[in-house]
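Quick note on the working numbering: the sequence shown kicks off at 7 and runs consecutively.
Let me begin by presenting the structure, written as structure tokens, before commenting on it.
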Amino acid sequence: MSSTSGNFWKFLVIFGVYAVVILTFWQFFYSADFLSKFLQLSGPSEFSVPRKNVTIYVATTYYGDPIDAEMAFLTCPELKKFCRVTRNFSEASTSDALLFHSRNFFEAVKILPNLKKLRKPNVPWILWNIESPSHEQLPTEKNLFNWTMTYRRDADLWAPYGYMEKMDVPAKIDVNSIWSLKTKTATWLGSNCNTPNNRIQLIGKMIQKGLEADVWGACGAPPGACMGVQKRTEPCVRELIEPYKFYLALENSNCVDYVTEKFWKSLGDRMAVPIVLQREVVRQLGVPDPAYISVDDFQNLEEFVDFVEKVGSEKDFYLKFHEWRKDYRVIFDNGFSGWCRLCERLQDENLILENRKFYKNANENWQAAGVCNNSIGMKYLI
Numbered sequence: 007m008s009s010t011s012g013n014f015w016k017f018l019v020i021f022g023v024y025a026v027v028i029l030t031f032w033q034f035f036y037s038a039d040f041l042s043k044f045l046q047l048s049g050p051s052e053f054s055v056p057r058k059n060v061t062i063y064v065a066t067t068y069y070g071d072p073i074d075a076e077m078a079f080l081t082c083p084e085l086k087k088f089c090r091v092t093r094n095f096s097e098a099s100t101s102d103a104l105l106f107h108s109r110n111f112f113e114a115v116k117i118l119p120n121l122k123k124l125r126k127p128n129v130p131w132i133l134w135n136i137e138s139p140s141h142e143q144l145p146t147e148k149n150l151f152n153w154t155m156t157y158r159r160d161a162d163l164w165a166p167y168g169y170m171e172k173m174d175v176p177a178k179i180d181v182n183s184i185w186s187l188k189t190k191t192a193t194w195l196g197s198n199c200n201t202p203n204n205r206i207q208l209i210g211k212m213i214q215k216g217l218e219a220d221v222w223g224a225c226g227a228p229p230g231a232c233m234g235v236q237k238r239t240e241p242c243v244r245e246l247i248e249p250y251k252f253y254l255a256l257e258n259s260n261c262v263d264y265v266t267e268k269f270w271k272s273l274g275d276r277m278a279v280p281i282v283l284q285r286e287v288v289r290q291l292g293v294p295d296p297a298y299i300s301v302d303d304f305q306n307l308e309e310f311v312d313f314v315e316k317v318g319s320e321k322d323f324y325l326k327f328h329e330w331r332k333d334y335r336v337i338f339d340n341g342f343s344g345w346c347r348l349c350e351r352l353q354d355e356n357l358i359l360e361n362r363k364f365y366k367n368a369n370e371n372w373q374a375a376g377v378c379n380n381s382i383g384m385k386y387l388i
């Protein structure tokens, strides 16, 4: 055999070996399994948990109103395609989660024995509550609930009344235009005139010390076109409050993380600087300073009233309390963001297993000592 022929066959053998190696690598690289792992490691988080359809069975109403997907996912409508809500008892046994609204838990008492018979270990039962511990005792049934969904930061599913969201691009807002809207000092629209923290007495004392404040609603004068505080989130209420520089956003009780629509709505589209009782409660929710005034910053109500008058009388000083609007926006959804978190969690079976637990008594932690302190404002009433 000539040397030329030998070299030719050697070349073919080497070429064949390389071809086999390359082909094998090519098949491995483009295999579905490899691509899946690659995307999970290097791609965005949505690749790691494929979307799936889940069903949430609601065993109660929400203050008498039926809960449906339109209500539940108002702030995250895109999730409606993955998470459906049903009130049909026949679907309870096949649902991926069961949810109870605490205030309406009594509605589920009759069907509870049957629900327990249908219970599955990998299907969480959720207790939803937006009320204060001073006004709401949670159901005390043992080992009934797996997760809580409340405004408190220690909830399994956080569902705050509202929150601040930092914008990627600063907003072009002329805060000077806000000043032109403000022709009055302070106001309060109230429905509950008998609270454990003596709220109405504290507001009365502020007025006695010289604070110019108009009180509307059940605890004051009828609010004109906005008859009844049940419409307190309606546009007419915004028109009522908008001329005021400050809003008395005092809650009906002083409890951990309990900051309701009184604060978030006045801070947001009503554009009135909220006045709260405890700075630390609001600060822990990520609200920047200065955006509100807190009574507990002052030794007495005389100092407080003097400060409010000073802020309200000086344009530049007052507008400092609105500068945050250039960098943040207020998201107010009355606690329904918890539904978005619930839908997201149900997409991942690992998260369900990792958060598997039972509350021996859900109310034990809810109304624990120190959660509420309704005597904080008492020193200002002496």
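Glycine residues also receive a C-beta, built at the ideal position from the N, C-alpha and C atoms.
Just so you know, these numbers come straight off a predicted model, no measurement behind them.
Own chain, CB closer than 6 Å to Pro119, minus 5 neighbours either side, in chain order
Taking the first residue of the sequence shown as position 1, residue 119 is located at position 113. Cβ neighbours of Pro119 beyond the five flanking positions: none.
Thr100 by DSSP, collapsed to three states: which one?
Taking the sequence shown and counting its residues from 1, one reaches residue 100 at position 94. Looking at Thr100 - three-state DSSP - the assignment turns out to be helix.
Measure the alpha-carbon distance for Pro405 versus Lys251 and round it to whole angstroms.
Absent from the model: residue 405. The displayed extent of the chain is 7 to 388, so no value can be given.
Member of Ile337, Ala114 and Met212 whose CA lies at the smallest distance from the CA of Ile388
In the sequence shown, counting from the first residue as 1, residue 388 sits at position 382. Per the Cα distances, Met212.
Closer than 6 Å by C-beta to Tyr68: which residues in its own chain qualify, once you throw out the five before and the five after it? Chain order, please.
Within the sequence shown, numbered from 1, the residue matching residue 68 stands at position 62. These residues qualify, in order along the chain: His107.
According to DSSP, Cys89 sits in a beta bridge with which residue or residues?
The residue labelled residue 89 in the question sits at position 83 within the sequence shown. According to DSSP, Cys89 shares a beta bridge with Val60.
Would you call Leu352 buried or exposed, if buried means 16 or more other Cβ atoms sit within 10 Å of its Cβ?
As a position in the sequence shown, residue 352 is number 346, starting the count at 1. It counts as buried.
Relative to the C-alpha of Val336, which candidate in Met173, Trp164 and Pro127 has its C-alpha closest?
What you label residue 336 is simply residue 330 of the sequence shown in a count that begins at 1. The shortest C-alpha separation from Val336 is found at Met173.
Give me the Cα-Cα distance between Asp162 and Leu133, rounded to the nearest whole angstrom.
Taking the sequence shown and counting its residues from 1, one reaches residue 162 at position 156. Taking the sequence shown and counting its residues from 1, one reaches residue 133 at position 127. One C-alpha to the other measures close to 10 Å.
DSSP three-state call for Arg335: helix, strand or coil?
Position 329 of the sequence shown holds residue 335. Three-state DSSP puts Arg335 in a strand.
Run through the region 290-376 for me and flag every whole alpha helix (DSSP H) of 4 or more residues, listed as ranges in chain order.
Fully enclosed alpha helix (DSSP H) runs of 4 or longer: 307-319, 321-325, 343-352, 355-360 and 368-372.
In the DSSP assignment, what are the bridge partners of Thr156?
As a first step, residue 156 is located in the sequence shown; it is residue number 150 there, counting from the start. Thr156 is bridged to Trp164.
Once the 5 residues before and after Gly292 are set aside, which same chain residues still bring their CB inside 6 Å of it?
Residue mapping note: residue 292 aligns to position 286 of the sequence shown, counting from 1. If you ignore the 5 residues before and after Gly292, its C-beta comes within less than 6 Å of the C-beta of Met170, all in its own chain and listed in chain order.
With a cut-off of 8 Å, do at least 3 Cβ pairs link the region 140-156 to the region 97-113?
Short answer: they touch.
8 Å contact criterion, which Leu187 and Met277 should meet: CB distance rounded:
For the purposes of this step, residue 187 is taken as residue 181 along the sequence shown, with counting starting at 1. For the purposes of this step, residue 277 is taken as residue 271 along the sequence shown, with counting starting at 1. Contact between Leu187 and Met277 holds: their C-beta atoms lie close to 7 Å from each other, under 8 Å.
Could you work out which residue in Val181, Cys199, Ala78 and Cys378 is closest to Lys263 when comparing CA atoms only?
Here residue 263 refers to the residue found at position 257 of the sequence shown. In the sequence as presented, Lys is not what sits at residue 263; that position holds Asp. Here the closest residue by C-alpha is Cys378.
Cutoff 6 Å; reference Ser101; Cβ partners in own chain excluding five residues on either side
Stepping through the sequence shown from its first residue, residue 101 is reached at position 95. For Ser101, same chain residues with a beta-carbon under 6 Å away, outside a window of 5 residues either side, are Thr61 and Tyr63 in chain order.
Below 8 Å between beta carbons: does that hold for Leu283 and Val243?
Locating residue 283 in the sequence shown gives position 277, where the first residue counts as 1. Locating residue 243 in the sequence shown gives position 237, where the first residue counts as 1. Not in contact: Leu283 and Val243 (Cβ atoms no closer than 8 Å).
Answer with buried or exposed for Phe313, where buried requires no fewer than 16 other C-beta atoms within 10 angstroms of its C-beta.
Translated into the one-based positions of the sequence shown, residue 313 becomes position 307. Answer is exposed; the Cβ neighbour count stays below 16.
Could you name the residues of the same chain whose beta carbon sits closer than 6 Å to that of Ser37, not counting the 5 residues immediately before and after it, in chain order?
The residue given as residue 37 occupies position 31 in the sequence shown. In this prediction, Ser37 scores a pLDDT of 36, lower than 50, which makes its location untrustworthy; the coordinate-derived value is nonetheless stated afterwards. Spatial neighbours of Ser37 in its own chain (CB-CB distance under 6 Å, excluding positions within 5 residues in sequence) are not present.
What does a CB cutoff of less than 8 Å around Cys2 pick up in its chain, not counting 5 residues either side in sequence?
This structure gives no information on residue 2, because the portion of the chain shown stretches from 7 to 388.
Same chain only: Cβ atoms within 7 Å of Asn367, ignoring 5 sequence neighbours per side
As a working note, residue 367 is residue 361 in the sequence shown. The residues Thr146 and Lys148, in chain order, have a CB closer than 7 Å to that of Asn367 in the same chain once the five nearest residues on each side in sequence are set aside.
Using the Cβ count rule (16 or more neighbours within 10 Å means buried), how would you classify Gly223?
Taking the sequence shown and counting its residues from 1, the one referred to as residue 223 is at position 217. Under this definition Gly223 is a buried residue.
In chain order, what residues of the same chain have a beta carbon less than 6 Å from the beta carbon of Trp372, not counting five sequence neighbours either side?
As a first step, residue 372 is located in the sequence shown; it is residue number 366 there, counting from the start. Here the set comprises Pro139 and Leu144.
Determine the extent of the beta strand (DSSP E) in which Gly196 is found, giving its start and end residues.
By 1-based counting over the sequence shown, the position of residue 196 is 190. Lys190 to Gly196 is the span of the beta strand (DSSP E), which, as asked, contains Gly196.
So which of Lys58, Leu359, Gln214 and Ala103 has the shortest CA-CA distance to Lys87?
If you number the sequence shown from 1, residue 87 lands on position 81. That would be Lys58, whose Cα lies nearest to the Cα of Lys87.
Take the Cβ of Lys271 as the centre, count every other Cβ of all protein chains shown within 10 Å, and call the residue buried at 16 or more, exposed below.
By 1-based counting over the sequence shown, the position of residue 271 is 265. Counting Cβ neighbours within 10 Å, Lys271 comes out buried, since at least 16 surround it.
Return no unless some Cβ of chain C is closer than 8 Å to the Cβ of Asn59.
Looking for chain C here will not work: only one protein chain is present.
Between the Cα of Asn369 and the Cα atoms of Ser96, Glu137 and Ala114, which residue gives the shortest distance?
By one-based count along the sequence shown, residue 369 stands at place 363. Ranking Ser96, Glu137 and Ala114 by Cα distance to Asn369 puts Glu137 first.
Under the DSSP definition of a beta bridge, which residues are partnered with Lys172?
Looking up residue 172 in the sequence shown gives position 166. Looking at the DSSP assignment, Lys172 forms a beta bridge with Tyr334.
Within 10 Å of its beta-carbon, does Gly383 have 16 or more other beta-carbons around it, so buried, or fewer, so exposed?
Residue mapping note: residue 383 aligns to position 377 of the sequence shown, counting from 1. Buried, because 16 or more other Cβ atoms sit within 10 Å of the Cβ of Gly383.
Pop quiz: Arg289 and Ala177 are said to be a contact at Cβ under 8 Å. What is the actual Cβ separation, rounded to whole angstroms?
Numbered from 1 along the sequence shown, position 283 holds the residue referred to as residue 289. Numbered from 1 along the sequence shown, position 171 holds the residue referred to as residue 177. No, Arg289 and Ala177 are not in contact; Cβ-Cβ is about 23 Å, not under 8 Å.
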